[in-house]
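Chemist: Those protein sequences? They're chains A and B, same order as listed. Counting in the numbering used here, the first sequence runs without a single skipped number right up to 198 at its last residue. Counting in the numbering used here, the second sequence runs without a single skipped number right up to 1282 at its last residue. Backbone N, C-alpha and C define an ideal beta-carbon position, used for all residues, glycine too. The structure is given below, and queries will be raised subsequently.
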Amino acid sequence: MRQALICLILLAGCATEPPPRPVPERIILLPSTDGRASSIVVTTNDRQISLATPYAVAEAGAVATATTADEVDLRYGRIIAMQPKRPRVYTLHFVFGSDELTAESRVAFEQARSEIASFPGAEVIVIGHTDRVGAVEFNDALSRKRAETVASRLVAAGVPAERIAVAGRGEREPLIPTNDEVAEPRNRRVEIKVR
Amino acid sequence: MSYFEQILTVVIVFAITSFSAWCADTAGTVKTTSGHATVIRGQGTPLAIAVGQKVFGGDRIVTGPDGYAGITMDDDTRLSVGPKSELLIREFRFDANSNDGAMALSFLKGTVMVVTGLIAKYAPEKVDLRTLASTIGIRGTEFLVEVDAKD
């Protein structure tokens, strides 16, 4: 009798679904290039692992471990080397009240233009900004117009127009935060982003 | 004006715009490639990717044993896909005028390195990253994901 019971239990055990094998996966936090603190949270089947230091590792959502720069380089060095180049941003300012670039900005313009050739599949995004003098909608349009002026100069300097996109951020992203309607020439700028 | 004349007028106006007004369709641009690296779009067959090529929401990037692909998304997010890997761009939208957007990626196989961009910077809750078993919530920027890790 007892043996039969054990069999039943064993069979019952076999008849139930085994718990799903955890999918082998590994998530590694890397040091950020700009030095700012970063962290990620890995959630697996309601278990959470927070990775908050460089080279912290979440394994299969269950185990928090750590790796090293050398191990990462050994195992993933080629993938890291094949990542796209970091975008570069050049900030241009205009002589007050005119369409003329300042002397420093003419240099930056040239650097941006020549940098384009070093980016495979290059894209150029020209983004205009204003200070907070004037209405929000007016500054949206003005910032975009400023960006288009710089974009036209890039085309005149030989950059294919189809590689260039323009945007206007208006007064939404000041370099120097100010109150509304405060003039701040350093916020009146155009950024050339090459990526 | 007849209905068709009205439609034609709209098309002509767009064509006159000299620079791309922020194009909402593309998700990113291929910047590096090596070995066998392809994109699968919809029900299509795998197409070899080329530097400068655009990728779109819905695209699946699939690499062979020697394949690598580096993609910069329209919000500056950088992806580096390693060999024997599969990455699905579930959703991507970004407006450079407002910095508003959303990005959803699935890491289905292999290894991908991610450096997050402007969507993660301004709205990390709009970044949806998944492996087969996990979701990854972002507070920061750079990480590696390896699925089917064999040791």
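1. Just verifying my parser: in three-state terms, what is the DSSP assignment at G173/A?
2. One question on the structure: do A219/A and R116/A come within less than 8 Å of each other, judged by their Cβ atoms?
3. So which of A138/A, E184/A, Y93/A has the shortest CA-CA distance to V193/A?
4. Are T1169/B and G1213/B close, meaning C-beta to C-beta below 8 Å?
5. Can you tell which of T71/A, L77/A, D73/A, R81/A has its C-alpha closest to the C-alpha of G1198/B?
6. Any idea which residues DSSP pairs R51/A with across the strands?
7. For the alpha helix (DSSP H) containing L104/A, list its first residue and its last residue.
8. Quick check on the burial criterion: 16 or more other C-beta atoms within 10 angstroms. Buried or exposed for N1228/B?
9. To the nearest angstrom, how far is the alpha carbon of V98/A from that of I1250/B?
10. Answer yes or no: does any C-beta atom of chain B fall closer than 8 Å to that of R5/A?
11. If we count the other Cβ atoms within 10 Å of its Cβ and call it buried at 16 or more, is K148/A buried or exposed?
12. Note down, in chain order, every chain A residue with its Cβ under 8 Å from the Cβ of A1179/B.
13. For chain C, check one thing: does any of its Cβ atoms lie closer than 8 Å to the Cβ of T133/A?
14. Along chain B, in chain order, which residues have C-beta atoms closer than 9 Å to that of T46/A?
15. Helix, strand or coil for I119/A per DSSP?
16. Using DSSP with H/G/I as helix, E/B as strand and the rest coil, what is G1159/B?
17. Would K1215/B count as contacting chain A if we go by Cβ distances under 8 Å?
18. Between C1154/B and D1190/B, what straight-line distance do the alpha-carbon atoms span, to the nearest angstrom?
19. Suppose the cutoff is 8 Å on Cβ atoms and the five residues either side in sequence are ignored; what does the same chain contact list for F1274/B look like?
20. Residues in the same chain with beta-carbon distance under 6 Å from R1209/B, minus the five sequence neighbours each way, listed in chain order, please.
21. Which parts of the stretch 1203-1251 of chain B are runs of the beta strand (DSSP E), unbroken and 3 residues or longer, counting only runs that do not cross its ends?
22. CA-CA distance, E187/A and R156/A?
23. Determine the DSSP secondary structure at T152/A, reduced to helix, strand or coil.
24. Taking all protein chains shown into account, do 16 or more other C-beta atoms lie within 10 angstroms of the C-beta of R198/A, making it buried, or fewer, making it exposed?
25. What are the partner residues of E28/A, as DSSP defines its beta bridges?
26. Among D1156/B, T1160/B, L1263/B, which one has its Cα closest to the Cα of S1216/B?
27. Along the chain, where does the beta strand (DSSP E) containing G1268/B start, and where does it finish?
28. Can you tell me the Cα-Cα spacing of V1182/B and K1162/B, whole angstroms?
29. Can you tell me the Cα-Cα spacing of R172/A and T36/A, whole angstroms?
30. I need the DSSP call for S1165/B, collapsed to helix, strand or coil.
31. Could you check whether the Cβ of T1160/B sits closer than 8 Å to any Cβ belonging to chain A?
32. 8 Å is my cut-off, CB to CB: does E194/A come that close to chain B?
33. Any idea if I195/A is buried or exposed, counting beta-carbon neighbours within 10 angstroms, 16 or more meaning buried?
34. Going along the chain, which residues of its own chain have a beta-carbon closer than 7 Å to the beta-carbon of G1232/B, five neighbours each way excluded?
Modeler: Let's see:
1. The residue labelled residue 173/A in the question sits at position 170 within the first sequence. Looking at G173/A - three-state DSSP - the assignment turns out to be coil, as it is neither helix nor strand.
2. Any property of residue 219/A remains undetermined from this structure, which presents chain A solely from 4 to 198.
3. Within the first sequence, residue 193/A is the residue found at index 190, counting from 1. When the alpha-carbon of V193/A is set against those of A138/A, E184/A, Y93/A, the nearest one is in Y93/A.
4. Taking the second sequence and counting its residues from 1, the one referred to as residue 1169/B is at position 38. Taking the second sequence and counting its residues from 1, the one referred to as residue 1213/B is at position 82. No, the pair does not count as a contact, with Cβ atoms beyond the cut-off.
5. In the second sequence, the residue the question calls residue 1198/B occupies position 67. The candidate whose alpha carbon is nearest that of G1198/B is R81/A.
6. Numbered from its first residue, the first sequence carries residue 51/A at position 48. Position check: residue 51/A holds Gln in this sequence, whereas Arg was assumed. BP columns for Q51/A point to T46/A.
7. Counting from one through the first sequence, the residue named residue 104/A turns up at place 101. Careful: L104/A lies outside any alpha helix (DSSP H) and carries neither H nor E.
8. As a first step, residue 1228/B must be located in the second sequence, where it is residue number 97. When all chains shown are included, N1228/B counts as buried.
9. Looking up residue 98/A in the first sequence gives position 95. Looking up residue 1250/B in the second sequence gives position 119. Inter-residue distance for V98/A and I1250/B is about 33 Å (C-alpha atoms, whole angstroms).
10. Working through the first sequence from its first residue, we reach residue 5/A at position 2. At R5/A, the pLDDT of 40 sits below 50, so the modelled position is not reliable; the number obtained from the coordinates is stated separately. Chain B contact via Cβ: absent.
11. Locating residue 148/A in the first sequence gives position 145, counting from the first residue. The residue in question, K148/A, is exposed, as its Cβ has fewer than 16 Cβ neighbours within 10 Å.
12. One-based indexing of the second sequence puts residue 1179/B at position 48. Chain A residues near A1179/B: none, gap ~15 Å exceeds 8 Å.
13. No chain C appears in the structure shown, which is made up of the protein chains A and B.
14. In the first sequence, counting from the first residue as 1, residue 46/A sits at position 43. Within chain B, the residues near T46/A are S1265, T1266, I1267, G1268.
15. Position 116 of the first sequence holds residue 119/A. Looking at I119/A - three-state DSSP - the assignment turns out to be helix.
16. On the second sequence, residue 1159/B is found 28 positions in, with the first residue counted as 1. Of the three classes helix, strand and coil, the one that applies to G1159/B here is strand, per DSSP.
17. Numbered from 1 along the second sequence, position 84 holds the residue referred to as residue 1215/B. Cβ-Cβ to chain A under 8 Å: no for K1215/B.
18. Taking the first residue of the second sequence as 1, we reach residue 1154/B at position 23. Taking the first residue of the second sequence as 1, we reach residue 1190/B at position 59. Model confidence at C1154/B stands at a pLDDT of 47, short of 50, so the residue's coordinates are unreliable; what they give is reported in the following sentence. Distance between the alpha carbons of C1154/B and D1190/B is about 17 Å.
19. On the second sequence, residue 1274/B is found 143 positions in, with the first residue counted as 1. Only M1244, V1245, I1267 meet the Cβ criterion.
20. Numbered from 1 along the second sequence, position 78 holds the residue referred to as residue 1209/B. These residues qualify, in order along the chain: T1203, V1246.
21. For the stretch 1203-1251 of chain B, whole beta strand (DSSP E) runs of length 3 or above, ordered along the chain, are 1209-1212, 1217-1226, 1231-1246.
22. As a first step, residue 187/A is located in the first sequence; it is residue number 184 there, counting from the start. As a first step, residue 156/A is located in the first sequence; it is residue number 153 there, counting from the start. Approximately 25 Å, taken between the alpha carbons.
23. In the first sequence, residue 152/A corresponds to position 149, counting from 1. T152/A falls in the helix class under three-state DSSP.
24. As a position in the first sequence, residue 198/A is number 195, starting the count at 1. Classification of R198/A: buried, given that the 10 Å Cβ count is 16 or more.
25. The sequence position of residue 28/A within the first sequence is 25, counting from 1. DSSP, once it has assigned bridges, lists V1278/B as partnering E28/A.
26. Residue mapping note: residue 1216/B aligns to position 85 of the second sequence, counting from 1. Nearest of D1156/B, T1160/B, L1263/B to S1216/B, Cα basis: L1263/B.
27. In the second sequence, residue 1268/B corresponds to position 137, counting from 1. It spans 1265-1269 - the beta strand (DSSP E) in which G1268/B sits, taken as one unbroken run.
28. By 1-based counting over the second sequence, the position of residue 1182/B is 51. By 1-based counting over the second sequence, the position of residue 1162/B is 31. Straight through space, the alpha carbons of K1162/B and V1182/B are spaced by roughly 5 Å.
29. Within the first sequence, numbered from 1, the residue matching residue 172/A stands at position 169. Within the first sequence, numbered from 1, the residue matching residue 36/A stands at position 33. So the alpha carbons of these two residues sit roughly 25 Å apart.
30. Locating residue 1165/B in the second sequence gives position 34, counting from the first residue. It is a strand residue.
31. Within the second sequence, numbered from 1, the residue matching residue 1160/B stands at position 29. Output row for T1160/B: interface = yes.
32. In the first sequence, residue 194/A corresponds to position 191, counting from 1. For E194/A, no CB of chain B lies under 8 Å from its own CB, so it is not counted at the interface with that chain.
33. Within the first sequence, numbered from 1, the residue matching residue 195/A stands at position 192. It counts as buried.
34. Numbered from 1 along the second sequence, position 101 holds the residue referred to as residue 1232/B. Excluding residues within five positions, the ones whose Cβ falls inside 7 Å are D1206, R1224, F1225, D1226, I1250, K1257.
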